[in-house]
Amino acid sequence: MTYFDTALLALLLLTLLGLGAALWPGRRAAPRPDPRARAALRQKAETLALRGRILAITPETSLPDLTLTPLGEVWLSRPKGVSAEGALAVKAAARFPLARALTGLRQRPKGGRVEWSATACAASPRHGTEQPRTPRPQATVLVDGSNVVMWEKNSGLTDKAQLATLQSVIDLLMAEGRAVKVIFDANIAYTLFGRGMSVEELTRRIARPAADIEMTAKGQIADAWLIDSAFTTGATIVSNDLYRDHPRARFLSMRRGFSHGGVAELLPPR
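And the structure:
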């Protein structure tokens with residue numbers, strides 16, 4: 001083959017590749033793994049998991065519906081005018097794995113800054129109050145589908161919900177040998193596809209037949225259904241929602257995660 005023939009063949013291949021891109025613009029190569037980006041997202045998820053462990057932060061020394069056991073003191077320094085409650089909660093949860101509350105929260109000026117301190121406490125529901133079932137490893141995992149599809153958007157990686165993130169989460173759980181139930185708010189089809197659809201059509205779109213897909217009725221909130229179900233069955237919930245508006249969620253088993261390029265990663269349950 002002459003040099004001219006080789007050049008002509010190369011030009012032909014380039015033309016065909018360009019034509020393919022024009023005909024199938026939606027077919028893009030899978031994004032390359034970005035270890036730095038994933039490490040940063042993992043750190044954020046771990047921080048969220050720690051923050052979610054602390055149920056209450058108060059200047060009081062007791063809480064009306066919890067039995068508290070002091071574990072130790074935590075403190076940190078911040079510039080004046082900068083709140084430190086969230087950072088203090090993360091520090092307490094990292095230092096004391098059993099910590100669930102911070103009591104005796106106090107501040108004092110020190111050298112142009114403010115020193116924040118509190119007592120980290122283990123916590124449990126007081127005797128006589130309603131308690132969740134003990135977490136059961138064999139229980140079906142409940143996935144907050146409406147939350148999971150937003151992981152990449154909430155991280156600023158995309159501008160819309162991502163079905164691929166949910167599919168990846170289901171795959172991870174299935175690989176662990178877990179049964180999976182995904183719960184959606186009634187408006188999830190509009191969020192994902194811009195129109196309404198039945199749960200049967202949504203299930204086909206998700207394309208994970210081994211997973212149980214449910215959608216709440218219009219006007220109902222999926223969070224309450226998820227929490228009540230986990231409360232009575234001992235199931236773990238996969239979500240990055242802290243559920244602060246739901247007292248029954250305080251002692252449930254939660255699993256946080258993140259996604260990058262449609263590839264999810266789940267942290268251990270806490």
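Just so you know, we're using the UniProt record's numbering here: the sequence shown kicks off at 1 and counts up by one.
Glycine is no exception: its CB is placed at the ideal position from the N, C-alpha and C atoms.
No experiment lies behind these values; they were computed from the predicted model shown.
| Check | Outcome |
| --- | --- |
| Rounded to the nearest angstrom, how far is the Cβ of Gln-162 from that of Ser-259, given a contact under 8 Å? | 7 Å |
| Buried or exposed: where does Glu-73 fall if 16 or more other Cβ atoms within 10 Å of its Cβ makes it buried? | exposed |
| So, with DSSP's three-state summary, where would you put Val-82? | coil |
| What is the DSSP secondary structure of Gln-107, reduced to helix, strand or coil? | strand |
| For Met-174, which of helix, strand or coil comes out of DSSP? | helix |
| Please identify the residue among Ile-170, Gly-156 and Ser-146 whose C-alpha is closest to the C-alpha of Tyr-190. | Ser-146 |
| What is the rounded straight-line gap between the Cα of Leu-105 and the Cα of Thr-47? | 20 Å |
| Mark Asn-154 as exposed unless 16 or more other C-beta atoms lie within 10 angstroms of its C-beta, in which case mark it buried. | exposed |
| Measuring straight from C-alpha to C-alpha, what distance separates Thr-103 and Ala-179? | 39 Å |
| On the DSSP letters alone, give me the boundaries of the alpha helix (DSSP H) that Leu-266 sits inside. | No alpha helix (DSSP H) holds Leu-266; the beta strand (DSSP E) holding it covers 263 to 266. |
| Relative to the C-alpha of Ala-93, which candidate in Thr-61, Arg-51, Pro-70 and Ser-124 has its C-alpha closest? | Arg-51 |
| Cβ of Ala-120 within 7 Å of Cβ of Gly-257? | no |
| Which value, in whole angstroms, describes the spacing of the CA atoms of Glu-152 and Gly-262? | 8 Å |
| Among Ala-249, Tyr-243, Ser-198 and Gly-112, which one has its Cα closest to the Cα of Ala-235? | Ala-249 |
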